[in-house]
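Q:
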Amino acid sequence: MKKFILSSYFVLFVFAFSFAQDYTTPNTGVTWTLDDIAAASPTTITVSGTDYSLLGNLTIAENDAIIIDTDLTLSIDADLRVTVFGTFTVDSDAVTITALDEAAPYDGFRFEENAVVNIQNATIKYGGGLKVINEDFTLNNSTLTNNVSGVSTGSVVSLSRGKPQITNNTFTFNETPAVSSAANRQVSAFIYNNYIEGNNKSNSNRPQINMGTTMATDTLIIRRNTIIGDPAMTRVGGIAVSNFTGGNILAAIDDNIITGNRYGITVVGANAFAYIRNNVIEDNDTEGNPAIGGSGISLNASSGPYEVIANKNEIRRNLWGITVIGEASINLGDDVDNPGENIFSENGNNNEIYALYNNTAHTISAKHNCWIEGQESTADEVEDVIFHIVDDSTLGEVVFDPFLCGVLGVDGNTAANFNFYPNPVNNEINFNNIFSFEKVEIYGIQGELISSENISEGQQILPINLPSGVYFMNFSTETQTVTKKMIVE
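Residue 1171 is where the sequence shown ends in the numbering used here, and the numbering goes up by one at each step.
(1) From this set, 951, 811, 783, which residue's C-alpha is nearest residue 1007's C-alpha?
(2) Relative to the C-alpha of residue 1012, which residue among 1031, 1018, 982, 1036 is closest?
(3) Less than 8 Å between the C-beta atoms of residue 1063 and residue 1054, yes or no?
(4) Taking 8 Å as the cut-off, does the stretch 734-751 touch the stretch 714-722 (at least 3 CB pairs, one atom from each stretch)?
(5) What are the partner residues of residue 704, as DSSP defines its beta bridges?
(6) State the start and end residues of the unbroken alpha helix (DSSP H) segment that holds residue 716.
(7) Only counting the same chain, and skipping five residues up and downstream in sequence, which positions put a Cβ closer than 7 Å to that of residue 828?
(8) Is the Cβ of residue 972 closer than 8 Å to any Cβ of chain D?
(9) Could you name the residues of the same chain whose beta carbon sits closer than 6 Å to that of residue 761, not counting the 5 residues immediately before and after it, in chain order?
(10) Nearest-angstrom Cα distance between residue 1067 and residue 1037?
(11) Among 1152, 968, 928, 1018, which has the Cα closest to the Cα of residue 986?
(12) Just list the beta strand (DSSP E) runs in the stretch 1119-1171, keeping only unbroken ones of 3 residues or longer that don't cross its boundaries, in chain order.
(13) Label residue 974 either buried or exposed according to how many other C-beta atoms from any shown protein chain fall within 10 Å of its C-beta, with 16 as the threshold for buried.
(14) Residue 935: buried (16+ other C-beta within 10 angstroms of its C-beta) or exposed?
(15) Just the Cα atoms here: how many angstroms apart are residue 1059 and residue 944?
(16) Alpha carbons only, please: which of 1122, 843, 1039 is nearest the one belonging to residue 817?
(17) Go through the stretch 746-819 residue by residue and report every complete run of the beta strand (DSSP E) that reaches 3 residues or more, in order.
(18) Classify residue 859: buried if its beta carbon has 16 or more other beta carbons within 10 angstroms, exposed otherwise.
(19) Residue range of the alpha helix (DSSP H) that residue 1066 falls in?
(20) Who pairs with residue 1103 in a beta bridge, going by DSSP?
(21) Could you check the C-alpha separation between residue 1101 and residue 1123 for me, to the nearest Å?
(22) Find the nearest neighbour of residue 1080 within the set 771, 1087, 1051, 754, judged by alpha-carbon distance.
(23) Should residue 1145 go down as buried or exposed, given a rule of 16 or more other Cβ atoms within 10 Å for buried?
(24) Along the chain, where does the beta strand (DSSP E) that runs through residue 1032 open and close?
(25) To the nearest whole angstrom, what separates the beta carbons of residue 1140 and residue 1170, a pair I think is in contact under 8 Å?
(26) Is DSSP giving residue 1073 helix, strand or coil here?
(27) Beta carbon of residue 894, beta carbon of residue 924: below 8 Å?
(28) How far does the beta strand (DSSP E) with residue 990 in it extend, from its first residue to its last?
(29) Using the three-state DSSP reduction, which class does residue 1053 fall into: helix, strand or coil?
(30) Ends of the beta strand (DSSP E) at residue 849?
(31) So residue 968 and residue 915 are in contact, right, with Cβ under 8 Å, and what is the actual spacing, rounded?
(32) Quick one: is residue 954 buried, meaning 16 or more other Cβ sit within 10 Å of its Cβ, or exposed?
(33) Is it true that the CB of residue 759 sits closer than 8 Å to the CB of residue 800?
Pasting the structure below:
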């Protein structure tokens, strides 16, 4: 009887062990599917229709490739990792990669230095993120949600080299930030048209996009992203680009919507040059302590060279509008090639308005801006919202005359004040057409015209019957056009 019991336990042990076998492709230059791997190692991947389960660690060898080109769900057991030395391609309409048990996340994906990675139309959730060591990396039109710290600790997508492409994705409610690069690596990513909300649920002192140094001659581009904070995450900023290691910053941060974070945009460190243009930066005040956060734009450097050129930003209801510290420098408008046209409104703390705080010894050119939105201001009224040499003789001057409050006219005030709701959208939008727009056009992310409709003045309801995704709404008259991003759920 004892022998029978021991034998039974041994059989059970062998049976369980057989379902936990790791697998490495043989490095023979073959392109594998999940079905191929399941046939070669049925203890690593099991298949039931379009549902696949990964039960052991999987490694794609340097000369091999794996392709997922049919709609399927891949569920991965707890703590397992997919490591890619070769080529990894996901290119179907709907691929879901998730944990076998949502309460027991898998470790994530590690893409090694020479890997080639192209991920399209995937949903990636309940795992440990994507550790991107390789340079040839594309992530497009995918959803990354409810991921945790695992193989990738710095963010859901942690970048290390080159010019990776992060486009048209949705990042929501992950434990870590959405996208980052290592402080000591040179990464000039293209981060375009992503919807980013409520990331860094661990509430660590990191923003939702957290980038380090860039390549010396290639620009880091952060453009047309929507970055929405969670009010409960009091330490989480919007966008940071930082140089802590003696490298370079070459960045363009344009056309983003950044709202509800600890701060909006910060550029930190020497050897920095950045454009900050056409961003809407509002209500970034979740921490509530003006001594340690709350700027719409914060610029800080202990040494130079350092220069930021900023124009046509809309900066509202942050604890500070723009703060400039140490050896940082900003051009907010001049009489040469920077038009200015930044709009400031209600940025302040402790019952004081601070549109611009020049905490440096440098003179700042800040011409042709609207310093108090919604009114034609006097020079004294503008002076009251700018902190500089007039307030502290050790500081540099802000040259703000001429200013455009009121002179910005209908275009500026329309762009600043007009909006529709709700956004994200389910089946309709509402808006009050008080600016006499005559037509509304809907464009896709590739610039294709989807629909055009004439509208009248007053309260409007516009039905929306579109697939989930990001679109752009053009509201226009004969003389002006206002463009707003629309997200359809």
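Glycine included, each C-beta is placed from N, C-alpha and C at the ideal position.
A: Quick look at the numbers:
(1) Checked all of 951, 811, 783; the closest Cα to residue 1007 is 951.
(2) 982
(3) Cβ distance < 8 Å, so residue 1063 and residue 1054 count as in contact.
(4) yes
(5) Among the bridge pairs identified by DSSP, residue 704 is matched with none.
(6) 716-722
(7) 807, 808, 855, 856
(8) Protein chain content of the structure displayed is limited to a single chain, and chain D is not contained in it.
(9) 789
(10) 5 Å
(11) 928
(12) 1121-1125, 1131-1136, 1140-1145, 1151-1158, 1163-1170
(13) exposed
(14) Around the beta carbon of residue 935, 16 or more other beta carbons sit within 10 angstroms, so the residue counts as buried.
(15) 29 Å
(16) Out of 1122, 843, 1039, 843 has the C-alpha closest to the C-alpha of residue 817.
(17) 747-750, 754-758, 763-766, 769-781, 790-793, 798-807, 812-814
(18) buried
(19) Looking at the DSSP string, the run of the alpha helix (DSSP H) that includes residue 1066 is 1061-1066.
(20) Beta-bridge analysis with DSSP links residue 1103 to 1112.
(21) 14 Å
(22) Considering only alpha carbons, the answer is 1051.
(23) Residue 1145 should be labelled exposed.
(24) Premise fails: residue 1032 is in no beta strand (DSSP E) and is neither H nor E.
(25) About 24 Å separates the two Cβ atoms, so there is no contact after all.
(26) coil
(27) yes
(28) Counting along the chain, the beta strand (DSSP E) containing residue 990 begins and ends at 988-993.
(29) coil
(30) 847-849
(31) 7 Å
(32) buried
(33) no
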